[in-house]
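Be aware that the sequence shown starts at 7, since it is given in this note's numbering, and climbs by one per residue. Ideal Cβ positions, reconstructed from N, Cα and C, are used throughout, including at glycine. Presented below is the structure to which this report refers.
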Amino acid sequence: MILDDFIAYNINGLYCRYADFYLDPQQPVGNAVISHAHADHAIAGNHNVYATEATLAFMELRYGNKKAKVSYTVPYHTPFKIGEVQLTFISAGHMPGSAQILMEYKGVRYLYTGDYKLQPDDTCEPIEWVKADVLITETTFADPSTQHPDPVKEIQKLNDIKINILLGAYSLGKSQRLISMINKYAPQKTVLVHHRIMPINSVYKKLGYDIGAHQVYNRKLMKEQKEYVYIVPPFTFDSYIRATGVKRLFASGWKNLQANAQDTLFISDHVDWNDILEAVKQVQPQQIWTLHGDGRQLKEYFKNDIFVKIIG
């Protein structure tokens, strides 16, 4: 029997009361199961942290010895127990080490997706599918009007821009994906990287990922028009709002983060509407629980077929 309160929000985040652990808690807790290393999912200060090797490596870079009092490195497909709940990490395809979390309790399978994507990405493990009774999915872009374009075609837009490009991107995950794609689909470009992104790139290398040719930013280089692409984190991108001699682009699935309507770069690391429908097809759940977005469109879409509960 599916337990309606198996996972629920409290003041610290998404909590499993049946085994006293949290999924991606928002405040330090005793037992934290971390889906991936982005800061809105992986905070410092938890006592016990269960995560993949890559997730812990990125947390170590960001938090040092504050990442956890005790860390448990768990490979994909390796069941482990907290209390009476068995958990297994399944690749989520979002960034290196990102994991869906399969939880099994009293014969019922609950699958928490965390952030996930279906699009191919050379800089992380591809998504995998498992069957579950309950699909607990993010709904960041759960709107039928939202359909992400082909990321390859998006990155190929850079080939038509002959002046230097200032490219805004989140430092962890998106920047490395962009470096790889530019090397592959716009190889005449020279990729320059903000100094704060370089340590993350070093972790990728240690994890075995070759993200492609790039070099740390040098101010003298950008004074010449040699089709440089300078990748910078959001705070730097915003500070260069009056930059001259460059084309400003921000790589994101969000329309409001595009620098202008004429020059867009819609590259998202989250599922869109059709991707979520594919996830439902693959997982074959009896119920869908939604979080991290607006689940109302899914509730309406599946109203005659699958029970949909909005939990956050």
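Which of helix, strand or coil DSSP assigns to residue i
| i | result |
| --- | --- |
| Gln303 | helix |
| Asn207 | helix |
| Val91 | strand |
| Leu227 | helix |
| Asn165 | helix |
| Lys309 | coil |
| Lys261 | helix |
| Lys137 | coil |
| Lys73 | coil |
| Thr145 | coil |
| Asn52 | coil |
| Ile273 | coil |
Where the beta strand (DSSP E) through residue i begins and ends
| i | result |
| --- | --- |
| Thr242 | It is not in any beta strand (DSSP E) - Thr242 instead sits in the alpha helix (DSSP H) that spans 240–245. |
| Thr3 | The first residue shown for the chain is 7 and the last is 318, placing residue 3 beyond what the model contains. |
| Val76 | 76–79 |
| Tyr122 | Careful: Tyr122 lies outside any beta strand (DSSP E) and carries neither H nor E. |
| Leu29 | 27–29 |
| Phe313 | 313–316 |
| Asn37 | 37–39 |
| Gln9 | Correcting the residue type first, residue 9 is Leu in the shown sequence and not Gln. First-last for Leu9: undefined, no H or E at that position. |
| Arg248 | Careful: Arg248 lies outside any beta strand (DSSP E) and carries neither H nor E. |
DSSP beta-bridge partners of residue i
| i | result |
| --- | --- |
| Ala105 | Ser97 |
| Asn16 | Gly19 |
| Glu110 | Gln92, Arg115 |
| Asn266 | Paired residue(s): none; Asn266 is not in a bridge. |
| Lys253 | Ile171 |
| Tyr234 | Thr196 |
Residue i: first and last residue of the uninterrupted alpha helix (DSSP H) it sits in
| i | result |
| --- | --- |
| Thr61 | 59–69 |
| Ala285 | 279–289 |
| Glu160 | 157–162 |
Beta-carbon proximity list for residue i, same chain, < 7 Å, skipping 5 on both sides
| i | result |
| --- | --- |
| Val158 | Tyr191 |
| Ile8 | Val114, Asp139, Val140, Gln292, Gln293 |
| Lys163 | Leu271 |
| Gly99 | Tyr122, Lys123, Leu124, Asp127, Cys130, Glu131, Pro132, Ile133 |
| Leu227 | Leu198, Tyr234 |
| Ala219 | Asn189, Val197 |
| Ala25 | Ile88, Gly89, Glu90, Val91 |
| Asp278 | Phe147, Thr152, Gln153, His154 |
Residues near residue i by beta carbon distance below 8 Å, same chain, minus five either side
| i | result |
| --- | --- |
| Leu172 | Tyr236, Val238, Phe243, Tyr246, Ala249, Val252, Lys253, Arg254, Leu255 |
| Phe86 | Tyr56, Tyr78, Val80, Gln92, Leu93, Thr94 |
| Ile206 | Phe64, Leu67, Ser177, Leu178, Ser181, Gln182 |
| Gly299 | Glu144, Thr145, Thr146, Phe147, Ala148 |
Same chain, Cβ closer than 6 Å to residue i, five either side skipped, listed in chain order
| i | result |
| --- | --- |
| Val35 | Asn18, Tyr28, Asn52 |
| Tyr118 | Leu29, Ile107, Ile142 |
| Trp135 | Gln288 |
| Met204 | Val222 |
Chain B within 7 Å of residue i, Cβ atoms only
| i | result |
| --- | --- |
| Ile169 | Chain labels in this structure do not include chain B; a single protein chain is all it has. |
### Complete runs of the alpha helix (DSSP H) confined to the stretch 175–222 [at least 4 residues]
If we require 4 residues or more, the alpha helix (DSSP H) runs fully inside the stretch 175–222 come out as 180–191, 204–212.
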